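To start, the structure itself, in structure tokens.
Protein chains: 2
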Amino acid sequence: MSVARLPIDIDFSARSQDRAFFCHDGTQIYLIHLIVTVYQENQENLRPIQGRNMTQTIRLPGLADVHTHLRVPGGEHKEDFQTGTAAALAGGVTTVLAMPNTTPPLATETAIAAAYQQAQADTRCQLGLFAGASPAHVDELPRLAPYAVALKIYLNDTFGTLRVEDVPTLRACFQTWPLDKPIAMHAEKQSVAVGIGLAATYNRHVHFCHISRREEIELIADAKMRGLPVTCEVTPHHLFMDVNDAARLGSLADMRPLLGTPDDVAALWEHLNDTVDCVATDHAPHTLAEKRSATPPPGVVGLETSLGLMLTAVSHNRLTLDRLIELMATAPRRLYHLPEQPDTWVDVVLEPTIVRNEALFTKCGWTPFDGVEVAGRVERVTLYGQVVFENGRLLAQPGSGEVIPEM
Amino acid sequence: MSVARLPIDIDFSARSQDRAFFCHDGTQIYLIHLIVTVYQENQENLRPIQGRNMTQTIRLPGLADVHTHLRVPGGEHKEDFQTGTAAALAGGVTTVLAMPNTTPPLATETAIAAAYQQAQADTRCQLGLFAGASPAHVDELPRLAPYAVALKIYLNDTFGTLRVEDVPTLRACFQTWPLDKPIAMHAEKQSVAVGIGLAATYNRHVHFCHISRREEIELIADAKMRGLPVTCEVTPHHLFMDVNDAARLGSLADMRPLLGTPDDVAALWEHLNDTVDCVATDHAPHTLAEKRSATPPPGVVGLETSLGLMLTAVSHNRLTLDRLIELMATAPRRLYHLPEQPDTWVDVVLEPTIVRNEALFTKCGWTPFDGVEVAGRVERVTLYGQVVFENGRLLAQPGSGEVIPEM
Numbered sequence: 001m002s003v004a005r006l007p008i009d010i011d012f013s014a015r016s017q018d019r020a021f022f023c024h025d026g027t028q029i030y031l032i033h034l035i036v037t038v039y040q041e042n043q044e045n046l047r048p049i050q051g052r053n054m055t056q057t058i059r060l061p062g063l064a065d066v067h068t069h070l071r072v073p074g075g076e077h078k079e080d081f082q083t084g085t086a087a088a089l090a091g092g093v094t095t096v097l098a099m100p101n102t103t104p105p106l107a108t109e110t111a112i113a114a115a116y117q118q119a120q121a122d123t124r125c126q127l128g129l130f131a132g133a134s135p136a137h138v139d140e141l142p143r144l145a146p147y148a149v150a151l152k153i154y155l156n157d158t159f160g161t162l163r164v165e166d167v168p169t170l171r172a173c174f175q176t177w178p179l180d181k182p183i184a185m186h187a188e189k190q191s192v193a194v195g196i197g198l199a200a201t202y203n204r205h206v207h208f209c210h211i212s213r214r215e216e217i218e219l220i221a222d223a224k225m226r227g228l229p230v231t232c233e234v235t236p237h238h239l240f241m242d243v244n245d246a247a248r249l250g251s252l253a254d255m256r257p258l259l260g261t262p263d264d265v266a267a268l269w270e271h272l273n274d275t276v277d278c279v280a281t282d283h284a285p286h287t288l289a290e291k292r293s294a295t296p297p298p299g300v301v302g303l304e305t306s307l308g309l310m311l312t313a314v315s316h317n318r319l320t321l322d323r324l325i326e327l328m329a330t331a332p333r334r335l336y337h338l339p340e341q342p343d344t345w346v347d348v349v350l351e352p353t354i355v356r357n358e359a360l361f362t363k364c365g366w367t368p369f370d371g372v373e374v375a376g377r378v379e380r381v382t383l384y385g386q387v388v389f390e391n392g393r394l395l396a397q398p399g400s401g402e403v404i405p406e407m
Numbered sequence: 408m409s410v411a412r413l414p415i416d417i418d419f420s421a422r423s424q425d426r427a428f429f430c431h432d433g434t435q436i437y438l439i440h441l442i443v444t445v446y447q448e449n450q451e452n453l454r455p456i457q458g459r460n461m462t463q464t465i466r467l468p469g470l471a472d473v474h475t476h477l478r479v480p481g482g483e484h485k486e487d488f489q490t491g492t493a494a495a496l497a498g499g500v501t502t503v504l505a506m507p508n509t510t511p512p513l514a515t516e517t518a519i520a521a522a523y524q525q526a527q528a529d530t531r532c533q534l535g536l537f538a539g540a541s542p543a544h545v546d547e548l549p550r551l552a553p554y555a556v557a558l559k560i561y562l563n564d565t566f567g568t569l570r571v572e573d574v575p576t577l578r579a580c581f582q583t584w585p586l587d588k589p590i591a592m593h594a595e596k597q598s599v600a601v602g603i604g605l606a607a608t609y610n611r612h613v614h615f616c617h618i619s620r621r622e623e624i625e626l627i628a629d630a631k632m633r634g635l636p637v638t639c640e641v642t643p644h645h646l647f648m649d650v651n652d653a654a655r656l657g658s659l660a661d662m663r664p665l666l667g668t669p670d671d672v673a674a675l676w677e678h679l680n681d682t683v684d685c686v687a688t689d690h691a692p693h694t695l696a697e698k699r700s701a702t703p704p705p706g707v708v709g710l711e712t713s714l715g716l717m718l719t720a721v722s723h724n725r726l727t728l729d730r731l732i733e734l735m736a737t738a739p740r741r742l743y744h745l746p747e748q749p750d751t752w753v754d755v756v757l758e759p760t761i762v763r764n765e766a767l768f769t770k771c772g773w774t775p776f777d778g779v780e781v782a783g784r785v786e787r788v789t790l791y792g793q794v795v796f797e798n799g800r801l802l803a804q805p806g807s808g809e810v811i812p813e814m
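Same order as they appear, the protein sequences are chains A and H. Read left to right, the first sequence gives residues 1 to 407 (the working numbering). Read left to right, the second sequence gives residues 408 to 814 (the working numbering).
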């Protein structure tokens, strides 16, 4: 460990301070534990004043959320690239990847080119698009690729019309999508084996989105043990909620995949430190009116609660902070070949914080975690050396971010 | 090629003879083309008499049909081990493997032990049973194994109740079924990728039954090119019938998988000389009354027509006789680790033969190929040195065959 001079702020107005700093220099994390005790003056028998709970501040790399729905085009009444990337920064996320099941879906060159252009005008952070696989437009895939970070294939039912069932489309995806760009799959239960079969047959990386069931994570663990080129993500809502929450919240907790049983949730935690490659939110905004309608669409937001929830898990010793950084920053960047973000970090205050709908930047304005206490909050986000978010204030302008890949 | 003295019968009562003999000594096939012309006597200017079509006789190894439904227990009104193995011998098949989707299914130790015992009493040839995978009895698999040649997993709808959809049952099958016994799968369309994924994850052989669609055979070709441990079979009915026959024959040609399009059929023929590992019949007897009822069950017989149809394909140069022997005898024996059958062969007359329901040994008494001309007929079957079938007469007694594996 090299010696580094760190600027450490000491609050002399406090009576005592007990703080731990995590500093991250891009390759390594340093923990500095600082105890400062201010003794009462004018006492011969000096004794420490009983300290109150002191806040701790940690610095993290900019997080990458590889699974968000920013609803452009067609759903701008509940999210757009401006509000979605505002929510990202508020959550400490400096890179988002946006899913293609929009209206129309990003399955044609026309649609993805327009979305790319809109993102350039609106994004406040690093943003990449998924191209969507569809039987009707599978021949366009090579033309979609320049606009996209990766390809998304929906093997199971989801919000929208992008489901792929037929083997000829699947084969075409694996045979024509550029090898240097990943393929992500919405695959539940037996469909996970479909994805593994295709990964093995065509010897190319398949990333499984939002794995939520014991049987799925165990099958993926087996495939990884065999050396097959598969990876997976889990969402905070599948880690922190289960069927009981679904019963309590009704359509507000309806999502795909559905919330699991307590045993499914336990399996995800068991595998969080080995099989799981990354945490992603599946941030899927819908208005409360839509969710309370007769035909509520599936999905809930996550960008602004993901870090707080995972820090809660760190505080409960369910994973280390190192592992959190791997799951939320290092691994997603590696899996999706995302460009580095120099001079970019997130300062986080580790103090109990109540999630509040009123504080959200997502356009839909609500989260199923409203009222829940989490273990930290984003204090400041620095992106390419500029402070873009600080103490609840959004400072980044629309269009100040970048769309990847560069064209 | 070594020199061998072969006994060749020449019919001097014929005016001319043009015969080709295929002789098979267990490792190699010899073709002897014999042309005998009998000249008219008392003619100074000798010229050949125009010959009539002469019959050819070939000797094949005993065939192995690794996919039959012999309906024991529960369906003995339409087939049983006595009639099913009679049909086998009549078709030149000296080894049959019987599927487990019976009533009750062969998914419990009790059921498979009883079926094994019944087979010992009744079989006229070599016979092996499949154990059936079922979620309810998956823990019994190791106890079923001694009675079974292989395990059958139904991923898709079929006749009976053995469908497996859940990943935990599939995992248990791959993890607990003995490694030296194959796993066969009924998998259609996308389910083929499930089977490939499981074969790759657990690195064990999966045999795909009755592959019938272009997308399926092409995916399997890709997986084989990648070196994955998968094999497959096709049925004569999927090679010789298509959706037009299904329209013509109605419920009589209803089966699972359904008959394909002409393009599907073309794909099977394209892959018959490389991707396809073996031909199996999926012999599935139902009475005509059942097939003509309001709820006709899927399935048709095949044991007594398979060889004739494939010989027709040989006569049309769609495959060689060598390849026929590989597909119908050598490969199925190798894939299922079937014991050798010494002194066993089938003499076949290569002459146009009309398939007739009246001539069938299967208890159900009908075939969708009734009235169809095929290129040959079984003249004589010799099993372990005994003639067991000759010119339409069944000579093997019930119980004279053997059940494998030996217990």
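Glycine is no exception: its CB is placed at the ideal position from the N, C-alpha and C atoms. Keep in mind that this is a model prediction, so the values were computed, not measured.
Give the interface partners of residue i over in chain H, defined as CB-CB distance under 8 Å, in chain order.
{"i": "Asn203/A", "result": "Arg633"}
{"i": "Asp222/A", "result": "Arg578, Thr608 and Tyr609"}
{"i": "Glu215/A", "result": "Asp573, Val574, Pro575 and Arg578"}
List the endpoints of the continuous beta strand (DSSP E) containing residue i.
{"i": "Tyr116/A", "result": "Counting along the chain, Tyr116/A falls outside any beta strand (DSSP E), though it belongs to the alpha helix (DSSP H) covering Glu109 to Asp122."}
{"i": "Cys639/H", "result": "Val637 to Val641"}
{"i": "Gly132/A", "result": "Gln126 to Gly132"}
{"i": "Leu470/H", "result": "Leu470 to Thr475"}
{"i": "Glu786/H", "result": "Arg784 to Leu790"}
{"i": "Glu797/H", "result": "Gln793 to Glu797"}
{"i": "Glu809/H", "result": "Glu809 to Ile811"}
{"i": "Leu268/A", "result": "Leu268/A -> not in any beta strand (DSSP E); alpha helix (DSSP H) instead, spanning Pro262 to Glu270."}
{"i": "Val96/A", "result": "Val93 to Ala98"}
Is it true that the CB of residue j sits closer than 7 Å to the CB of residue i?
{"i": "Gly498/H", "j": "Glu711/H", "result": "yes"}
{"i": "His617/H", "j": "Pro664/H", "result": "yes"}
{"i": "Ile217/A", "j": "Ala267/A", "result": "yes"}
{"i": "Asp282/A", "j": "Thr235/A", "result": "yes"}
{"i": "Pro507/H", "j": "Lys588/H", "result": "no"}
{"i": "Glu233/A", "j": "Cys173/A", "result": "no"}
{"i": "Asp122/A", "j": "Pro298/A", "result": "no"}
{"i": "Phe537/H", "j": "Ala557/H", "result": "yes"}
{"i": "Gln126/A", "j": "Thr95/A", "result": "yes"}
{"i": "Leu716/H", "j": "Val781/H", "result": "yes"}
{"i": "Glu109/A", "j": "Glu79/A", "result": "no"}
{"i": "Lys189/A", "j": "Val574/H", "result": "yes"}
Since residue i is in the alpha helix (DSSP H), which residue starts that stretch and which ends it?
{"i": "Phe488/H", "result": "Phe488 to Ala497"}
{"i": "Lys631/H", "result": "Arg621 to Met632"}
{"i": "Leu656/H", "result": "Val650 to Leu656"}
Using the beta-carbon of each residue, which ones in chain H are nearer than 9 Å to residue i?
{"i": "Lys189/A", "result": "Glu572, Asp573 and Val574"}
{"i": "Glu218/A", "result": "Val574, Pro575 and Arg578"}
For a contact meaning CB atoms closer than 9 Å, what does residue i contact in chain A?
{"i": "Ala520/H", "result": "Per Cβ cutoff of 9 Å: no residues; Ala520/H is ~31 Å from chain A at best."}
In chain A, which residues lie less than 8 Å from residue i when you measure between Cβ atoms?
{"i": "Leu666/H", "result": "Within 8 Å Cβ-Cβ: nothing; Leu666/H doesn't reach chain A, min ~18 Å."}
{"i": "Asp546/H", "result": "Going along chain A, no residue has its Cβ under 8 Å from Asp546/H, so there is no contact; the nearest lies around 16 Å."}
{"i": "Leu558/H", "result": "Simply none; closest approach about 17 Å."}
Whole-angstrom Cβ separation of residue i and residue j, contact assumed at under 8 Å?
{"i": "Thr344/A", "j": "Tyr384/A", "result": "6 Å"}
{"i": "Ala471/H", "j": "Leu745/H", "result": "6 Å"}
{"i": "Ala540/H", "j": "Pro585/H", "result": "That belief does not hold up - the Cβ atoms of Ala540/H and Pro585/H are roughly 13 Å apart, past 8 Å."}
{"i": "Val206/A", "j": "Ala199/A", "result": "4 Å"}
{"i": "Gly376/A", "j": "Val348/A", "result": "5 Å"}
{"i": "Gln509/H", "j": "Gly482/H", "result": "In the sequence on display, residue 509/H carries Thr and not Gln. Thr509/H to Gly482/H, Cβ: 7 Å. Contact."}
{"i": "Ala660/H", "j": "Val707/H", "result": "7 Å"}
{"i": "Leu259/A", "j": "Ala246/A", "result": "4 Å"}
For residue i, go through chain A and note every residue whose CB falls closer than 7 Å to its CB, in chain order.
{"i": "Val601/H", "result": "Gln190, Ala193, Val194 and Gly197"}
Along chain H, which residues have their Cβ under 7 Å away from the Cβ of residue i?
{"i": "Arg256/A", "result": "Ordered by position in chain H, no residue passes the 7 Å Cβ test against Arg256/A, which lies about 18 Å from the chain."}
{"i": "Glu270/A", "result": "Those within 7 Å of Glu270/A in chain H number zero; the least Cβ separation is about 15 Å."}
Any heavy atom of the ligand SAH closer than 6 Å to the beta-carbon of residue i?
{"i": "Thr201/A", "result": "You won't find the ligand SAH in this model; it holds no ligand whatsoever."}
Practice task
Scan the stretch 684-761 of chain H and note each continuous beta strand (DSSP E) run of 3 residues or more that stays entirely inside, going in chain order.
Solution key: If we require 3 residues or more, the beta strand (DSSP E) runs fully inside the stretch 684-761 of chain H come out as 752-757.
Handout entry: Within the stretch 160-216 of chain A, ranges of the alpha helix (DSSP H) (whole runs, at least 4 residues)
Key = 167-176 and 190-202
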